[in-house]
Each structure stands twice: as C-alpha cells, then as structure tokens.
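These notes concern the structure reproduced below.
2 protein chains.
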Amino acid sequence: MNAPKAEDTSDVPAKSTGPGRRRLPRDTLSRQVILEAAERVAARDGLDAFTFQSLAKEVNAHPTSLYRHFRDKDQLVLELIDDLRARSYGGLLKPTDSWREDLRTSARYIHEHYLRYPQFAVQMAARTTRRPTEFANVEFALDALLRAGLDEADAAMYLRVFGNVIRSLSSMEAGMLALDPETRDGDTLAWQLEYRRVPAEQYPRIAAMSGQLLDIGDPKVFDTAVDLFLDAIEARAEQARNRRSTRQESTPKER
Amino acid sequence: MNAPKAEDTSDVPAKSTGPGRRRLPRDTLSRQVILEAAERVAARDGLDAFTFQSLAKEVNAHPTSLYRHFRDKDQLVLELIDDLRARSYGGLLKPTDSWREDLRTSARYIHEHYLRYPQFAVQMAARTTRRPTEFANVEFALDALLRAGLDEADAAMYLRVFGNVIRSLSSMEAGMLALDPETRDGDTLAWQLEYRRVPAEQYPRIAAMSGQLLDIGDPKVFDTAVDLFLDAIEARAEQARNRRSTRQESTPKER
DNA sequence: GTAGTTAGCCAATGAGATTGACTTGAAATG
DNA sequence: CATTTCAAGTCAATCTCATTGGCTAACTAC
Numbered sequence: 001m002n003a004p005k006a007e008d009t010s011d012v013p014a015k016s017t018g019p020g021r022r023r024l025p026r027d028t029l030s031r032q033v034i035l036e037a038a039e040r041v042a043a044r045d046g047l048d049a050f051t052f053q054s055l056a057k058e059v060n061a062h063p064t065s066l067y068r069h070f071r072d073k074d075q076l077v078l079e080l081i082d083d084l085r086a087r088s089y090g091g092l093l094k095p096t097d098s099w100r101e102d103l104r105t106s107a108r109y110i111h112e113h114y115l116r117y118p119q120f121a122v123q124m125a126a127r128t129t130r131r132p133t134e135f136a137n138v139e140f141a142l143d144a145l146l147r148a149g150l151d152e153a154d155a156a157m158y159l160r161v162f163g164n165v166i167r168s169l170s171s172m173e174a175g176m177l178a179l180d181p182e183t184r185d186g187d188t189l190a191w192q193l194e195y196r197r198v199p200a201e202q203y204p205r206i207a208a209m210s211g212q213l214l215d216i217g218d219p220k221v222f223d224t225a226v227d228l229f230l231d232a233i234e235a236r237a238e239q240a241r242n243r244r245s246t247r248q249e250s251t252p253k254e255r
Numbered sequence: 001m002n003a004p005k006a007e008d009t010s011d012v013p014a015k016s017t018g019p020g021r022r023r024l025p026r027d028t029l030s031r032q033v034i035l036e037a038a039e040r041v042a043a044r045d046g047l048d049a050f051t052f053q054s055l056a057k058e059v060n061a062h063p064t065s066l067y068r069h070f071r072d073k074d075q076l077v078l079e080l081i082d083d084l085r086a087r088s089y090g091g092l093l094k095p096t097d098s099w100r101e102d103l104r105t106s107a108r109y110i111h112e113h114y115l116r117y118p119q120f121a122v123q124m125a126a127r128t129t130r131r132p133t134e135f136a137n138v139e140f141a142l143d144a145l146l147r148a149g150l151d152e153a154d155a156a157m158y159l160r161v162f163g164n165v166i167r168s169l170s171s172m173e174a175g176m177l178a179l180d181p182e183t184r185d186g187d188t189l190a191w192q193l194e195y196r197r198v199p200a201e202q203y204p205r206i207a208a209m210s211g212q213l214l215d216i217g218d219p220k221v222f223d224t225a226v227d228l229f230l231d232a233i234e235a236r237a238e239q240a241r242n243r244r245s246t247r248q249e250s251t252p253k254e255r
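Shown next, in the form of structure tokens:
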C-alpha cells in the first residue's frame with residue numbers, strides 16, 4: 001500500500017518522518033502532486049478517508065499546507081474530477097461508420113469512468129466542468145445523433161436526454177458501490193428476502209414473479225437502458241425520415 | 001400534517017427555554033416527533049443545517065437525547081426517507097385502462113417527490129427501504145408492464161430499467177436543485193457562455209447548434225425520457241407479440 | 001549578501017458525531 | 001405508602017474535521 005512511497009519524497013534525505021526534518025523543501029507541493037495523491041487516497045481508502053489530514057499524510061506534508069494550493073475542499077474535489085476525467089478520456093473517440101456503436105462506446109466510457117471513481121460520481125453527474133474533454137464528448141455524440149438521421153432539434157434534445165440518463169444511471173450505480181459493503185449487502189439481501197415473502201393476495205404480480213425480479217444494482221440494467229435508447233433514437237429518426245418524404249410527395253411546396 | 005401536534009410539546013409550560021427548566025418531561029420525544037421536526041428543519045434550513053444540534057433545538061431537547069431514539073444519523077435519515085415517502089404516496093395509485101398513463105403517473109409521482117426533498121434525493125435513489133409503499137408501487141408498475149404486453153422476463157427487466165432511470169434522473173435533477181443557488185447559476189451560465197464560443201473548426205457540430213442545446217437541468221428532459229421509454233416498451237411488446245404469433249404459425253406444436 | 005515573497009508549518013477555533021456516566025421521574029412491586 | 005427499576009433526558013468529554021491567522025524558512029531578485 002505504501003511500499004514504493006519512499007522514493008517520492010526521497011530528496012528529503014532519509015529523515016522524511018524522522019525528528020530531524022523540520023519542513024518539506026519549498027515547492028515540493030503543487031496542484032498536480034496533490035491531485036495525484038488525492039486520487040491514490042480516494043481509490044485506496046474510500047471517501048470517508050478523503051480528508052485533508054490523510055491527503056497531507058500521503059504527500060508527507062502538514063494538512064494546512066494544502067490550503068496554499070486549493071481554496072477549500074470543494075475546489076479540490078472539483079479539480080480532481082476534472083483531472084480524472086482528462087486522464088480517463090485521454091484517448092479521444094474516433095467515429096466509426098456506425099452511429100450506434102459510437103454512442104454505445106461513449107456511454108460505456110462514461111459508465112466505466114464513474115464506476116472507477118464512485119466516491120465522486122454524484123458530483124461528476126451534477127456539475128458541469130466545461131473543459132476540452134467535455135466538448136469533445138459532446139461533439140462526438142452530437143455527430144453520431146445527426147448521422148443517425150435525427151433533425152437538429154431532436155438531436156439537441158436526445159443529446160441531453162441520453163447524456164443525462166447515462167450519467168445519472170452511472171452515478172446511481174456508483175453510489176451504491178460507494179456504500180460500505182455491509183450496508184450494501186444488507187440492503188440487497190433484505191430486499192430479496194422481503195420480496196419473496198410478500199402476501200400474494202395484496203401483491204399478486206410481485207408474488208408471481210418474485211424469483212425473476214432484478215437487483216436494483218444489477219449491471220445488466222445499464223446495458224439494457226442504453227440499447228433501449230439506441231432503439232428509440234433509431235425509431236425516431238425513421239419517423240423523421242418518413243415525415244420528410246411524405247411531406248415531399250403530398251405537399252411538395254408546403255408554403 | 002402537524003396540526004394536532006402542538007399539544008405534544010406544550011405541556012412544558014411557558015418555560016421551554018427559560019432558566020427554570022431542568023429537563024424535558026419524560027416521553028416528550030419519540031421517533032415520530034423527531035422525524036417531523038427533522039422534516040421541518042430540512043425543508044427550512046437545508047442539508048447543511050441538518051445536524052443533531054439543530055434537530056435537538058427544534059424539539060427543545062439536548063442533542064444527545066436523540067440517540068435514545070436513533071442509533072445514529074444514518075438511521076435517522078433512512079427512517080426520515082421512509083416517513084416522507086409514506087406521506088407523499090399516501091393516496092395509493094389506481095390502475096386505469098391505459099398502462100401508458102399509469103406508468104407515466106407513477107413516474108411523475110416519484111419525480112415530484114424527489115424534487116420536494118432534494119436534500120435526500122441521492123439516498124432515496126440508492127437505498128432500498130422495503131416498506132409497504134414500495135411494494136405497492138412495484139406491484140402497480142409491474143402490472144402496467146404486463147398489461148402493455150411484455151412477457152414476464154421483459155417485464156422484470158423493464159421494471160428495473162424504468163425504475164432506475166426514473167429514480168436516477170430525478171435524483172440528479174434534485175441534486176442540482178440542492179446546490180446552493182450561486183454555484184448552480186454559475187455552472188449554468190458559464191456552461192452556456194462557453195458553448196457559444198467554441199472553435200468551429202474543432203467542434204463544428206457544437207458550433208452549428210450552440211443555440212439549440214439544452215441546459216443539463218432542463219425540465220423537459222425528464223418528460224422526454226419517460227415518453228421515450230414508454231415508446232420503447234410498446235415497441236418491445238409489439239415484437240414479443242409478433243414473435244409469439246409467428247412461432248404459433250410456423251411451429252404450432254413446438255414440443 | 002540582503003530584502004522580499006512564497007509556501008510550509010503550527011496552534012487554535014469551532015462544528016459536529018458519538019460515547020459513557022449520571023440523573024430523574026414514573027410505573028411496578030411489596 | 002415506600003422502594004425498586006428502568007427507560008429516557010442530560011452532561012461532560014472525546015475524536016475527527018475544515019478552516020484561519022500568524023510565523024518562519026527557503027528561495028528569488030537585486
């Protein structure tokens with residue numbers, strides 16, 4: 001967990017922790033160094049341990065030193081989110097000849113990204129960061145929607161709908177992952193049990209299907225939702241095409 | 001909701017806060033009294049003020065007294081969520097002859113409920129509470145899906161997908177509402193501005209459509225998502241019906 | 001080298017959750 | 001009625017955090 005850490009601060013010779021050291025050499029810290037430590041801590045110890053105290057320990061500095069680089073914790077978190085995103089989406093998306101595949105890929109990227117950092121998923125979903133990577137993603141998805149055959153108004157709408165659904169589903173799934181395992185398993189187990197012993201007179205449907213109901217956190221849900229959306233987009237584009245051709249035939253000069 | 005409650009605390013005559021009072025009379029507190037106070041505090045002062053200290057002040061008790069009724073804060077929040085839900089969904093849903101309308105209604109209920117208590121929306125979405133109201137909702141939606149013509153496996157899957165999408169979208173929308181207004185408006189404004197000045201060479205689609213793009217928190221998004229889902233369910237049911245009749249024709253006695 | 005500035009450090013504050021010991025009043029028991 | 005019991009309030013104390021203001025060392029520019 002901290003074996004290769006010695007090197008990181010090794011220019012403070014041998015006494016990183018010892019009584020001899022008074023303070024870190026100037027400019028040891030920086031936004032980048034802190035953000036990278038922050039990622040490590042979040043990944044390793046979870047959100048509860050994500051405190052200035054433990055971040056400071058990770059970089060061998062005093063907790064309050066971090067304030068020289070970030071106004072407060074909220075700012076640190078937002079910048080971390082940007083940073084993580086920039087790294088995750090580093091390899092930019094390349095359009096293929098299938099808009100479906102493209103949208104699916106982009107959805108999968110987001111989903112994976114959120115699940116990789118579940119601690120911050122809620123913030124990731126709710127707050128815009130308006131950085132280059134975001135523009136690139138929007139451009140990519142918008143292009144795919146237009147290639148699917150949507151008109152501009154529909155594309156704008158479906159971009160938002162699709163994006164919000166992807167992000168919010170991912171965020172919720174991540175949110176459940178971020179619960180401590182005890183709580184999560186408790187919820188899941190209790191849920192399954194209770195649904196099996198529901199009174200059949202009151203809830204006949206549930207009783208009849210209790211064996212087939214899915215967990216709230218079932219991973220299949222996300223993929224199904226995505227496919228369902230893609231189908232919907234395709235159908236919508238089809239409609240639009242029909243509308244266009246019909247209009248051309250029946251009312252060639254509509255105004 | 002709390003009209004006849006006044007009595008509960010009024011038997012502490014006149015000196016509720018005065019120096020004369022030593023402690024609250026026995027059994028002044030109870031889960032219900034505390035939960036109702038909790039709702040008031042959350043609605044009035046927001047999530048940041050949702051502390052044992054302020055809850056205690058609201059009921060005129062010592063902060064640690066609350067521990068006699070709730071193991072810890074997490075438990076209190078979960079029970080509050082249940083309580084709110086029970087009250088919001090009080091009037092149970094009645095099936096109509098349109099499964100579409102039924103699903104739409106049930107989606108709207110959830111959406112409104114989450115927006116009414118945005119402070120807890122994240123928890124509401126991620127954690128199961130397995131109470132009667134939940135069963136009733138599930139039964140209702142499941143019934144609607146089967147009436148739509150889905151087979152059981154599909155119904156189980158779409159129940160989860162639809163539910164999760166509704167809940168997660170609502171939760172995300174609520175999450176943005178729960179941000180303090182400054183932050184929220186800042187995000188929104190900056191977003192709009194930046195998207196209008198995006199370089200057209202790099203992001204031609206965005207540049208061409210920048211005027212039409214929707215806000216991330218646009219309320220139309222939810223309704224559109226719901227309709228889109230309903231269409232998808234209908235299409236899926238249609239497929240299933242076709243598949244069934246085809247099978248009947250081509251392989252009338254399949255085993 | 002000398003002055004100035006920056007960035008790390010320290011002590012302290014104040015909020016909050018949570019615990020354990022203490023107390024009191026009402027109900028049960030004799 | 002006196003006594004015991006015990007749940008339900010209360011208090012003091014602890015621990016963990018974020019955050020602030022003042023201090024000072026180390027690097028920079030002159």
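Those sequence lines, one after another, are chains A and B. Using my numbering, read the first sequence as starting at 1 and increasing by one per residue. Using my numbering, read the second sequence as starting at 1 and increasing by one per residue. Even glycine gets a Cβ: it sits at the ideal position worked out from N, Cα and C.
What do you get for L193(A), buried or exposed, if any count of 16 or more other CB atoms within 10 angstroms of its CB means buried?
L193(A) is exposed by the Cβ-count criterion.
Any idea what DSSP makes of A240(B), helix, strand or coil?
Note: A240(B) maps to helix in three-state DSSP.
Do Y117(A) and L66(A) have their C-beta atoms closer together than 8 Å?
Not in contact: Y117(A) and L66(A) (Cβ atoms no closer than 8 Å).
At least one CB of chain A closer than 8 Å to the CB of I81(B): is that the case?
Against chain A, the CB of I81(B) has no partner CB under 8 Å away; the residue lies outside that interface.
Under 8 Å between C-beta atoms, does S106(A) make it to chain B?
Under the 8 Å criterion on CB atoms, S106(A) is classed as non-interfacial with respect to chain B.
If you check the beta carbons only, do L150(A) and A237(A) fall under 8 Å apart?
A contact, by the Cβ cut-off of 8 Å.
Against chain A, with Cβ distances strictly below 8 Å, would Q119(B) count as a contact?
No, because no Cβ of chain A sits closer than 8 Å to the Cβ of Q119(B).
Minimum C-alpha distance to E79(B) - residue among A43(B), L35(B), E101(B) and A107(B)
Here the closest residue by C-alpha is L35(B).
List the residues of chain A that S98(B) touches, going by C-beta distances under 9 Å, in chain order.
In chain order: nothing, as chain A lies at least about 17 Å away.
What is the DSSP secondary structure of N164(B), reduced to helix, strand or coil?
DSSP places N164(B) in the helix class (H, G or I) of the three-state scheme.
Quick one, are the C-beta atoms of G217(A) and E173(A) less than 8 Å apart?
Closer than 8 Å, so yes.
Grouping DSSP H, G and I as helix and E and B as strand, with all else coil, what is Y89(B)?
Reduced to three states, the DSSP call for Y89(B) is coil.
Less than 8 Å between the CB atoms is what I'm expecting for G163(B) and A141(B), so what's the real figure, rounded?
Indeed they touch by this definition, with Cβ atoms about 7 Å apart.
Answer with yes or no whether the minimum CB distance from T128(A) to chain B is below 8 Å.
For T128(A), the answer is yes, since a Cβ of chain B falls inside 8 Å of its Cβ.
For V138(B) and P204(A), the rounded distance between their alpha carbons
Straight-line spacing of the CA atoms in P204(A) and V138(B) works out to 11 Å.
D151(A) touches chain B at which residues, Cβ-Cβ below 7 Å?
Ordered by position in chain B, no residue passes the 7 Å Cβ test against D151(A), which lies about 10 Å from the chain.
Who are the near neighbours of V165(A) in its chain, counting only those whose CB is closer than 8 Å to its CB and skipping five residues on each side?
If we look at V165(A) and ignore the five residues flanking it on each side, its Cβ neighbours are A225 and F229.
When DSSP labels each residue in this structure, what does Q202(B) get in the three-state scheme?
Coil.
Q53(A): first and last residue of the uninterrupted alpha helix (DSSP H) it sits in
Run containing Q53(A): F52 to E58, per the alpha helix (DSSP H) assignment.
According to the Cβ coordinates, are V77(B) and V122(A) closer than 8 Å?
Annotated as distal: V77(B) and V122(A), with beta-carbon spacing of 8 Å or more.
Along the region 130-150 of chain B, where does the CB come closer than 8 Å to a CB of chain A? Name the residues.
Of all residues in the region 130-150 of chain B, R130, F135, A136, V138, E139, L142, D143 and L146 have a Cβ within less than 8 Å of some Cβ in chain A.
Per-residue burial, R71(A) [other beta carbons within 10 Å of its own, 16 or more giving buried]:
So R71(A) counts as exposed.
With a 10 Å radius around its C-beta and 16 neighbouring C-beta atoms as the bar for buried, classify R167(A) as buried or exposed.
Looking at its Cβ environment, which holds 16 or more other Cβ atoms inside 10 Å, R167(A) is buried.
Just the chain B side, please: which residues come within less than 8 Å of M172(A) by C-beta, in chain order?
Contact of M172(A) with chain B by beta-carbon distance below 8 Å involves A125, A126, N164, R167, S168 and S171.
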